[in-house]
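Structure record follows, encoded as structure tokens.
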Amino acid sequence: MPAPQEQDTATSASTQAPAADKNLNRVTIVVPVYGDWASLRSCIAALIEHAPADSYDVLIVNDCGPDADVIEAGLLGMIFGLPNFRYERNPSNLGFVRTCNRAAFELDRTSNDLLLLNSDTRITPGSLDEMRRVLNLSERHAVVCPRSNDATIATLPFYQRDRFADRDEARTARVFDAISPSLPRYYITPVAIGFCFLIRRSLVANNGLFDEVFGMGYNEENDFCLRLNALGYSSLIANHALVYHVGSTSFGTEQRAMLEAENSKILHARYPFYPAAVSNFIKNEYSVLDRFADIIAHPDGPGKKVLIDLHHLSLAFDGSTKNALSFLQFVKENVDPGSIAVTVAAPQDVIDFFDLHSSDLRVIPYGDIDEVFDVGVAIAPVTSLGQITSLNRFCAKWVVSYLDVIALRSWGLRLMVPYKPEIVHAALAYADSVVAISEATLDDAMDFFPDLQTLRSRTAVLHQGSGLPADVTEVNHFSAAITPACAEVIARGNYVLVIGNAFPHKQVRSALEALRSSALPIVILGSPDIAREFPMMHALPGGTLTDAEVGTVYSRARVVLFPSAYEGFGLPVPEAAQLNKRIVVFDTAVAREVTTALALEENVSFFSLFSELTARVQTAYDAEPLVTSSAPALRTLADYNRDFWGQVLATLDAPIDQDRLRRRHSAVRTMTIVTDDLLQRTALYLHELTEIKNSQKYRLSLSVARVLGPLGRVVGRGRNPGAALQMRDIERT
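For the sequence shown, our numbering assigns the number -10 to the initial residue and increments by one for each residue that follows.
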């Protein structure tokens, strides 16, 4: 399905030259009537006003409902003296489908195009003419419907800021007036919506109208659209035409649900692709201004919404998760849900692992996002295709945190997801506001993406801070599994604490190599695998300790060593300083910036060569401990969260830049529309593979293969030495 242009170049219905209408085919408007005189009277009154006799014939067909005689008298009174209005009555109740067919082939013998109009609709000025123009823009245009307050995929706004609010006529009118001039003139859709259904008459003559297998109604119009589509004709939504619709006045709720269910089975059996086609349209084909129409039309309206995106969280208590969880705690304690509705979206395993529902915020699984938000907040850098797709579809504005680009600079990490640079670039390029955790980090991004010339002007540099509790309460027992020797060293205290995980840029292995000959007791926090190479040193598994346990490890250390060559901020520096520890840090621009910004010059000493590390650590170890009472009032993650939320509020209050929104939507949509389908198919294949591997038949065949496989290889090698050599090579590969 081709993507609509974001900016329509054709003039709107209100400015179209009347002379052009002379070339359009005349239209017969068919109004099947069953009941509900109040909405019917409104429908006919609007037709009298907006369906002039020089272009339109109106055929009203009474389908003999319970009040057929009363309705007949009222209708005849309304249309008396109007030459283009005609009234007919069925011999008995035929139902909607058969009534439309009777009107098309028996009652109306003209060559006019047909407009099938529900009796609970109300035409607005210019809408009929605009639908005719859209129908006649191409011979491939078969069926056209307008926008409405109640018309499934033609509803305006389709997405609402308040998911539970009614799409009443007043709201739809405000949104239509605000954005329709900027919408593409039409969308090409899987089907047109049957409440107001303009059809090219020649297609009815050649292909019939509604299949009467659909009985009293529902899905007959979808079947008709898809039948014509198989011949190469398209259904359309005319975005500059508006027709109001009361909706579902002919059937009760229970009867309507039964008809819908029965007829859906018929439709889906004929066109198995239909649900996917509609889903694809909803996901990808709305203009971005259409998608966020309700927010654009009501920028200062109540009930603004913020999405906190936790797509990135790993199942470990590391720096990233500490940052995210502390931000949720800040929002819980400081944001009035009555003024700003906050929703947290995270993968289901993350929700369960961190018990996010206990935050008292609204939490939804990441794949269940299906509403629009004023602002989307990415707590960590946007690096996932699924993540940037969701932000693009559901968030009118973005606030994106930027920590570092180590995953792009390091080719070993970068090639794990080859398209990651494009995603990070797009996130930074189209974010309305960027939060960088240091000036050095911002400089790094500008160096890596030199074309992002406006990045600096859209970025606020907010230093993070210590994530330890204000008062660290030491513990004597650890929940994580640690060796008795490690527990003894921690209990004694006065050790060198080396912090860093196994990633090469943390330089833990180099630091431990340099300290191998040192007699100082050493504890490593975060990299137990590396520590196994150094049996005289003791390791704690990073990402598994509680805040109290981490605080204890810091508190009992004498010197903290942070050898990382690449950081965005470096949380261990303020955390160690909070407990007034001496800190030895690898000399980087970030380390210098953080030390100066937090006034930690007395705590920190730098090294740049590992050959000098042992002496630098020994000097720090031998120095007099810093006086606890002189510990500085350090910046904390609570301070960072307060400032970060300030950026969210500023972005929330800023007007939407529609041109920027268009460019963002187009760029990200192009990036994701193909790969989105690929990701869905991959997930399906993985699910199917898991089911196969968990099946009893697979486990049985695997057991047989394990028994017979070695025997087969022995027999095969005995028969053919060359084959045996080849098999060995394959096994090695």
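No residue lacks a Cβ here, since even glycine has one placed at the ideal position from N, Cα and C.
Checklist entry - Got a sec, what are the start and stop residues for the alpha helix (DSSP H) glutamate 61 sits in? => result The residue given as residue 61 occupies position 72 in the sequence shown. If you look at glutamate 61, you'll find it in the alpha helix (DSSP H) that goes 57 to 68.
Next on the checklist: Suppose you measure from the CA of asparagine 465 to the CA of serine 544; what does that come to, to the nearest Å?
Outcome noted: Within the sequence shown, residue 465 is the residue found at index 476, counting from 1. Within the sequence shown, residue 544 is the residue found at index 555, counting from 1. One C-alpha to the other measures close to 12 Å.
Checklist entry - With which residues is arginine 78 paired in a DSSP beta bridge? => result As a working mapping, residue 78 is identified with position 89 in the sequence shown. In DSSP, arginine 78 forms a bridge with Asn51.
Item to check | arginine 156 in three-state terms, based on DSSP | outcome: Residue 156 sits at position 167 when you count from the first residue of the sequence shown. Three-state result, arginine 156: coil.
Checklist entry - Quick one, which of Gly292, Asp646 and Leu105 has its alpha-carbon nearest phenylalanine 184's? => result Translated into the one-based positions of the sequence shown, residue 184 becomes position 195. The candidate whose alpha carbon is nearest that of phenylalanine 184 is Leu105.
Item to check | Cβ-based neighbour list, valine 277, same chain, cut-off 7 Å, excluding 5 preceding and 5 following | outcome: Locating residue 277 in the sequence shown gives position 288, where the first residue counts as 1. If we look at valine 277 and ignore the five residues flanking it on each side, its Cβ neighbours are Glu(-5), Leu650, Arg651 and His654.
Next on the checklist: Please report the distance separating the alpha-carbon of proline 146 from that of aspartate 118.
Outcome noted: What you label residue 146 is simply residue 157 of the sequence shown in a count that begins at 1. What you label residue 118 is simply residue 129 of the sequence shown in a count that begins at 1. When the Cα atoms are used, proline 146 and aspartate 118 turn out to be separated by approximately 22 Å.
Next on the checklist: So threonine 640 and valine 364 are supposed to be a Cβ contact under 8 Å. How far apart are they, rounded?
Outcome noted: By 1-based counting over the sequence shown, the position of residue 640 is 651. By 1-based counting over the sequence shown, the position of residue 364 is 375. Rounded to the nearest angstrom, the Cβ distance from threonine 640 to valine 364 is 5 Å, consistent with a contact under 8 Å.
Next on the checklist: Can you look up leucine 417 in the DSSP assignment and give me helix, strand or coil?
Outcome noted: One-based indexing of the sequence shown puts residue 417 at position 428. DSSP places leucine 417 in helix when its eight states are reduced to three.
Checklist entry - In the region 618 to 684, which residue ranges form an unbroken alpha helix (DSSP H) of at least 4 residues, counting only runs that do not cross its ends? => result The region 618 to 684 contains these whole alpha helix (DSSP H) runs: 626 to 642 and 647 to 682.
Next on the checklist: I'd like to know whether the C-beta atoms of arginine 136 and glutamate 360 end up nearer to each other than 8 Å.
Outcome noted: The residue you call residue 136 lines up with position 147 of the sequence shown. The residue you call residue 360 lines up with position 371 of the sequence shown. Note that the C-beta distance between arginine 136 and glutamate 360 is not below 8 Å.
Item to check | Cross-strand partners of isoleucine 471 (DSSP beta bridge) | outcome: Mapped onto the sequence shown, residue 471 falls at position 482. Beta-bridge partners of isoleucine 471 (DSSP): none assigned.
Checklist entry - For the beta strand (DSSP E) that contains proline 21, what are its first and last residues? => result Here residue 21 refers to the residue found at position 32 when the sequence shown is read from its first residue. Start and end: 16 to 22.
Checklist entry - CA-CA distance, valine 133 and leucine 560? => result Start at 1 with the first residue of the sequence shown, and residue 133 comes out as number 144. Start at 1 with the first residue of the sequence shown, and residue 560 comes out as number 571. Rounded to the nearest angstrom, the gap between the Cα atoms of valine 133 and leucine 560 is 59 Å.
Checklist entry - So proline 563 and alanine 500 are in contact, right, with Cβ under 8 Å, and what is the actual spacing, rounded? => result To locate residue 563, count along the sequence shown from 1; it is residue 574. To locate residue 500, count along the sequence shown from 1; it is residue 511. A Cβ-Cβ distance of about 20 Å is found for the pair proline 563 and alanine 500, leaving them out of contact under the 8 Å criterion.
Item to check | Reduced DSSP secondary structure (H/G/I, E/B, other) of aspartate 109 | outcome: For the purposes of this step, residue 109 is identified with residue 120 of the sequence shown, where counting begins at 1. Coil.
Next on the checklist: In this structure, how does DSSP classify aspartate 363 when only helix, strand and coil are distinguished?
Outcome noted: In the sequence shown, residue 363 corresponds to position 374, counting from 1. Three-state result, aspartate 363: strand.
Item to check | For phenylalanine 551, the residue or residues it bridges with in DSSP | outcome: By one-based count along the sequence shown, residue 551 stands at place 562. According to DSSP, which records beta bridges pairwise, phenylalanine 551 is partnered with Val574.
Next on the checklist: The alpha helix (DSSP H) that contains leucine 444, what's its start and end?
Outcome noted: Here the question's residue 444 lines up with position 455 in the sequence shown. For leucine 444, there is no enclosing alpha helix (DSSP H), as DSSP gives it neither H nor E.
Next on the checklist: I need the straight-line Cα distance from tyrosine 148 to isoleucine 297, nearest angstrom please.
Outcome noted: Numbered from 1 along the sequence shown, position 159 holds the residue referred to as residue 148. Numbered from 1 along the sequence shown, position 308 holds the residue referred to as residue 297. Inter-residue distance for tyrosine 148 and isoleucine 297 is about 19 Å (C-alpha atoms, whole angstroms).
Next on the checklist: Using only CA atoms, which one of Pro21, Tyr263 and Asp289 lies nearest to valine 86?
Outcome noted: Here residue 86 corresponds to residue number 97 of the sequence shown, with the count starting at 1. Across the set Pro21, Tyr263 and Asp289, the C-alpha of Pro21 shows the shortest separation from the C-alpha of valine 86.
Item to check | Endpoints, the alpha helix (DSSP H) within which arginine 280 is located | outcome: By 1-based counting over the sequence shown, the position of residue 280 is 291. Its alpha helix (DSSP H) spans residues 277 to 280.
Checklist entry - What number of angstroms, rounded off, separates the C-alpha of serine 427 from the C-alpha of arginine 111? => result To locate residue 427, count along the sequence shown from 1; it is residue 438. To locate residue 111, count along the sequence shown from 1; it is residue 122. Rounded to the nearest whole angstrom, the CA to CA distance from serine 427 to arginine 111 is 58 Å.
Item to check | Residues of its chain near phenylalanine 203, where Cβ-Cβ distance is below 8 Å and the 5 sequence neighbours each way are ignored | outcome: Residue mapping note: residue 203 aligns to position 214 of the sequence shown, counting from 1. Excluding residues within five positions, the ones whose Cβ falls inside 8 Å are Val86, Glu209, Asp212, Asn252 and Ile255.
Checklist entry - Can you tell which of Asn73, Ala416 and Ser116 has its C-alpha closest to the C-alpha of valine 366? => result As a first step, residue 366 must be located in the sequence shown, where it is residue number 377. Comparing alpha-carbon positions, the option among Asn73, Ala416 and Ser116 lying closest to valine 366 turns out to be Ala416.
Checklist entry - Do alanine 531 and leucine 392 have their CB atoms nearer than 8 Å? => result By 1-based counting over the sequence shown, the position of residue 531 is 542. By 1-based counting over the sequence shown, the position of residue 392 is 403. Reading off the sequence, residue 531 comes out as glycine, not alanine. Between glycine 531 and leucine 392, the gap from beta carbon to beta carbon reaches 8 Å or more.
Next on the checklist: Measuring CB atoms only, is the region 273 to 291 touching the region 304 to 315, in the sense that at least three cross pairs come out at less than 8 Å?
Outcome noted: With the rule of 3 Cβ pairs closer than 8 Å, the region 273 to 291 does not count as touching the region 304 to 315.
Next on the checklist: Bridge partners for tryptophan 387 per DSSP, in chain order?
Outcome noted: Numbered from 1 along the sequence shown, position 398 holds the residue referred to as residue 387. DSSP output for tryptophan 387 lists Gly365 as bridge partner(s).
Checklist entry - Helix, strand or coil for proline 410 per DSSP? => result To locate residue 410, count along the sequence shown from 1; it is residue 421. Correct three-state label for proline 410: helix.
Next on the checklist: As a quick exercise: from Glu411, Ala418, Met405 and Ile395, pick the residue whose alpha carbon is nearest that of valine 388.
Outcome noted: Mapped onto the sequence shown, residue 388 falls at position 399. The candidate whose alpha carbon is nearest that of valine 388 is Ala418.
Next on the checklist: I'd like to confirm the pairing. Which residues does DSSP put opposite alanine 334 in its beta bridges?
Outcome noted: In the sequence shown, counting from the first residue as 1, residue 334 sits at position 345. Note: alanine 334 sits in a beta bridge opposite Asp298 and Ile353.
Checklist entry - Exposed or buried, which one is threonine 472 when buried takes at least 16 other CB atoms within 10 Å? => result As a first step, residue 472 must be located in the sequence shown, where it is residue number 483. By the neighbour-count rule (16 or more Cβ atoms within 10 Å), threonine 472 is not buried but exposed.
Next on the checklist: Check for me: the beta strand (DSSP E) holding alanine 731 runs from which residue to which?
Outcome noted: Outside the shown range of the chain, which is -10 to 722, sits residue 731, and nothing can be said about it.
Checklist entry - Can a CB atom of chain C be found closer than 8 Å to the CB of arginine 216? => result You won't find chain C in this structure, because it holds only one protein chain.
Item to check | Cβ-based burial, isoleucine 347 [other Cβ within 10 Å; buried from 16] | outcome: Within the sequence shown, numbered from 1, the residue matching residue 347 stands at position 358. Contrary to the premise, residue 347 reads as serine rather than isoleucine in this sequence. Result: exposed.
Item to check | Through-space distance from tyrosine 484 to alanine 474, alpha-carbon basis | outcome: Within the sequence shown, the letter at position 485 stands for residue 474. Within the sequence shown, the letter at position 495 stands for residue 484. In this structure, the straight-line span from the alpha carbon of alanine 474 to that of tyrosine 484 is close to 13 Å.
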